[in-house]
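Residue numbers (UniProt numbering): 1 to 236. From the three backbone atoms N, C-alpha and C, an ideal C-beta is built for every residue, glycine too. Here's the structure, in structure tokens; my notes come after.
Pasting the structure below:
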């Protein structure tokens, strides 16, 4: 664990020196989240916070992790790390941990801002915990899968687009209907499952397991693609 923590701290220092990564991981989700919160109305705060969470995980974890992993592979950092004492899962955990922690901080900041702007406290705050835990793991898993097809950091803005747009569209789809009208198909979309799980924090009596199951399915898909296609060295 000490070596993983050391790798995570080193990765944090590297990320803070990269202006593009900082903007993607920090400024964009916070800025977009603030804009969404500014349009919040009474009775719709569950949807507002849900979309904020989706933006944070897409920008901070998914897009930034894809870019970072692709850059580290091209710089042969992954190859050097793999020749050390850390196992493959430990290397990936150390590289992804700073972004997962940053996402939690951003979510707390945006939630506090929403409350300051008039949002009520969630009726079921514990629903937000699995939303963060399962959502961040899903985003990290999909980032690794996408990085398998991303030759460089510059190409990441293209390779992340399909999942990014699908997650945003499915989140908007789910949030356009009432919580009790969400179908199983909506729960099987990455953004829809996450958005509905967050919204359940402000709903009463809705089931959490269908959304959690959807996030687990997408995590498994991402991890399966990663196991089959992920490369630790640049293609020659």
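Check                                                                                                                                                                                       : Outcome
Give every residue of the same chain whose Cβ lies closer than 7 Å to the Cβ of residue 97, excluding the five residues on either side of it in the sequence, and list them in chain order. : 8
Between which residues of its own chain and residue 167 is the CB-CB distance below 7 Å, once the five residues before and five after are set aside?                                        : 54, 58, 190, 191
For residue 208, collect the residues of the same chain with a Cβ closer than 7 Å to its Cβ; drop the 5 residues on either side in sequence, then sort them by chain order.                 : 127, 130, 197, 200
Just the Cα atoms here: how many angstroms apart are residue 257 and residue 110?                                                                                                           : Nothing can be reported for residue 257, as the shown portion of the chain is limited to 1 through 236.
Out of 67, 77, 83, 11, state which residue places its alpha-carbon closest to the alpha-carbon of residue 142.                                                                              : 67
Go through the region 70-111 residue by residue and report every complete run of the alpha helix (DSSP H) that reaches 4 residues or more, in order.                                        : 77-82
Helix or strand or just coil, what does DSSP make of residue 183?                                                                                                                           : coil
Work out the CA separation of residue 210 and residue 115 for me, nearest whole Å.                                                                                                          : 27 Å
Could you give the DSSP three-state label for residue 233: helix, strand or coil?                                                                                                           : coil
Considering just the uninterrupted stretch of the alpha helix (DSSP H) at residue 202, what are its terminal residues?                                                                      : Taken as a continuous stretch (DSSP letters only), residue 202 belongs to no alpha helix (DSSP H), as it is neither H nor E.
Quick one, which of 132, 163, 203, 234 has its alpha-carbon nearest residue 105's?                                                                                                          : 132
Among 92, 45, 140, 163, which residue has its Cα nearest to the Cα of residue 117?                                                                                                          : 45
Taking a contact to mean a Cβ-Cβ separation below 9 Å, would you say residue 6 touches residue 94 in this structure?                                                                        : yes
Classify residue 202 as buried or exposed, calling it buried when 16 or more other Cβ atoms lie within 10 Å of its own Cβ.                                                                  : buried
Using a Cβ-Cβ cut-off of 6 Å (strictly less than) and excluding sequence neighbours within five positions of residue 163, which residues of its own chain qualify?                          : 142
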